[in-house]
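Structure first, commentary second.
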Amino acid sequence: MSQSIIQPDAIDSFLSDFFKSRMRHPWPAAPVPVSAQPSALVAPRVASSQMDTNGRARITLAASVALLIGTCWYLSNGWQSADRSLSKPGQGGGPNVLPESTAESPGAFEKNRKDKASQTKDPMAGFQPGPITLP
Amino acid sequence: MPNGSANDSGLPSGSARRAEFESLYQHYSREVWALSYARWMDADLAMDVTQEAFLRLWRQWEAGEDIQNPRAWLLRVARNLAEDYAKSAFRRNGTQPPEFLNGVRSSQPLPVEMLEKEELFARLRAELEELSPGDRDILTLRYALDYDANTIAELLNVNVTAVHMRLSRARQRLAERLSVHGDFTPDNPAERGTNR
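Below you can see the structure in the form of structure tokens.
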């Protein structure tokens, strides 16, 4: 390769060739931007479906809460306490478990105890004391 | 926000906005590319940066941002994107340095003249990389886009005299470096350029 004096025009031409060769031919088209907003056809459907979803969720939540409260009330004898409040003491209202008895006069308990005592045999009947034989 | 026909809500319609976008791309995409290319001397990267800058402009419009000077905005975003590339893992780790890749031959045989020209360009590219980014900006705008000193000064917001001075200095330096390496021969394209 020979040494040569470079003229200004030469370096101009060389640089121009270089930079222009780096540019694409043809020049690419503009990028196609994707719109972030949904189309007019999709937008109403999306909005209505969102409303449906929200409504359904609220109804489900309300039903769940109601079921939970009802279950807790039922398990805490909610119905029985309601009947007791309606019945008068000693009148046998409500569940007929201990008729004609109150906390002050547990007549039913007394009768029950006497009946059981009369029916019970002597626990010592038939027992013969003697030596115990060990194997 | 681009000008154009507006719909009932006062915003430009989609087609008007798209037309404005296309117009901006036609006017300024080469400038954006040139300044991105001047940063890394990588044509494909510069094109990626250019396209990304324009897509970001579109997104700004969609977000309702009011961009008063899209040209300045695009150039600023492109510069930032090119700088971000410097911090990227690919740039840091890379695959092979450009000097190495310059020597990789294509699988298809090139004509001898084309090959010599490409090798000369690779040499020039290496010399350009030695220049400051500011000088590369000026050279790229001058020779890729044929901008005159006034336009370059306006675009880069520098003094016209400074543009002339830096352009002259960069050319002188390149001529010296390439002469030392004996890259300019009577048969190469640059030498032919003196006869035109």
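Taken in sequence, the protein lines are chains X and V.
With our numbering, letter number 23 in the first sequence gets 46, and the count goes up by one each step, no holes.
With our numbering, letter number 4 in the second sequence gets 20, and the count goes up by one each step, no holes.
Heads up, the beta-carbon is just placed ideally off N, CA and C, and yes, glycines get one too.
Nothing here was measured: the structure is a model prediction, and the numbers come from that model.
- prompt: Closer than 7 angstroms, Cβ to any Cβ of chain X: which residues of the stretch 51 to 83 of chain V, in chain order?
  reply: The stretch 51 to 83 of chain V vs chain X, Cβ under 7 angstroms: Y53, A59, M63, Q67, F70, L71, W74 and E78.
- request: Flag L131/V as yes if its beta-carbon sits less than 8 angstroms from any beta-carbon of chain X, otherwise no.
  value: no
- prompt: Taking the Cβ atom as the reference point for each residue, do R46/V and L161/V lie within a distance shorter than 8 angstroms?
  reply: yes
query: With a cut-off of 8 angstroms, does the C-beta of R79/X fall near any C-beta of chain V?
result: The beta carbon of R79/X does not come within 8 angstroms of any beta carbon belonging to chain V, so the residue lies off that interface.
message: Looking at chain V, is there any beta carbon in it that lies within less than 8 angstroms of the beta carbon of L98/X?
response: Cβ-Cβ to chain V under 8 angstroms: no for L98/X.
- prompt: Do T86/V and L40/V have their C-beta atoms within less than 8 angstroms of each other?
  reply: The displayed chain sequence assigns Pro, not Thr, to residue 86/V. Yes; because the gap between Cβ atoms is below 8 angstroms, this pair is in contact.
task: Check whether the Cβ atoms of R250/V and A98/V lie closer than 8 angstroms to each other.
output: The structure shown has nothing for residue 250/V, since chain V only spans 17 to 212.
- request: Output the distance between the C-alpha atoms of S52/V and L155/V, rounded to the nearest integer angstrom.
  value: C-alpha separation (whole angstroms): 13 angstroms.
- prompt: Does the pairing of the stretch 183 to 194 of chain V with the stretch 131 to 150 of chain V give three or more beta-carbon distances under 8 angstroms?
  reply: Cβ pair count under 8 angstroms is three or more, so yes.
- request: Give the DSSP-derived three-state secondary structure of E129/V in the structure shown.
  value: helix
query: At what residues does the alpha helix (DSSP H) containing F2/V begin and finish?
result: The displayed coordinates of chain V run from 17 to 212. Any statement about residue 2/V would go beyond what the structure contains.
Interface flag, R189/V vs chain X, CB-CB below 8 angstroms: no
task: Step through the CB atoms of chain X and report whether any lies within less than 8 angstroms of the CB of L155/V.
output: yes
- request: Could you name the residues of chain V that P54/X contacts, counting a contact when the two beta carbons are closer than 7 angstroms?
  value: Q67, F70 and L71
message: Along the stretch 28 to 48 of chain V, where does the CB come closer than 9 angstroms to a CB of chain X? Name the residues.
response: Of all residues in the stretch 28 to 48 of chain V, G30, R34, F37, E38, L40, Y41, Q42, S45 and R46 have a Cβ within less than 9 angstroms of some Cβ in chain X.
field: C-alpha distance - D75/X paired with A102/V, whole-angstrom precision
entry: 49 angstroms
- request: Check each candidate in L140/V, A169/V, V179/V and I168/V and name the one with the smallest Cα separation from L38/X.
  value: Checking every option, the nearest Cα to that of L38/X belongs to L140/V.
task: Return the residue from the list A86/X, C95/X and S44/X that minimises the CA-CA distance to I60/V.
output: Residue identity check: residue 60/V is Asp in the sequence provided, not Ile. The candidate whose alpha carbon is nearest that of D60/V is S44/X.
Those runs of the alpha helix (DSSP H) which lie wholly inside the stretch 143 to 172 of chain V and span at least 4 residues: As for any alpha helix (DSSP H) of minimum length 4 sitting wholly inside the stretch 143 to 172 of chain V, the runs are 149 to 160 and 165 to 172, ordered along the chain.
message: Applying the 10 Å Cβ sphere with the 16-neighbour rule, what's the burial state of F70/V?
response: buried
task: Name, please, each residue of chain V whose Cβ falls closer than 9 angstroms to the Cβ of P49/X.
output: Correct list: empty, because the minimum Cβ distance to chain V is about 12 angstroms.
- request: Kindly examine the ligand GDP and report whether one of its heavy atoms sits closer than 7 angstroms to the Cβ of S195/V.
  value: Here there are no bound small molecules, and the ligand GDP is not part of this structure.
field: Contiguous beta strand (DSSP E) assignments of at least 3 residues, all confined to the stretch 73 to 105 of chain V
entry: none
field: As assigned by DSSP and simplified to three states, the class of A140/X
entry: helix
- prompt: By the 10 Å Cβ neighbour count, where 16 or more other Cβ atoms means buried, how is A85/X classified, buried or exposed?
  reply: exposed
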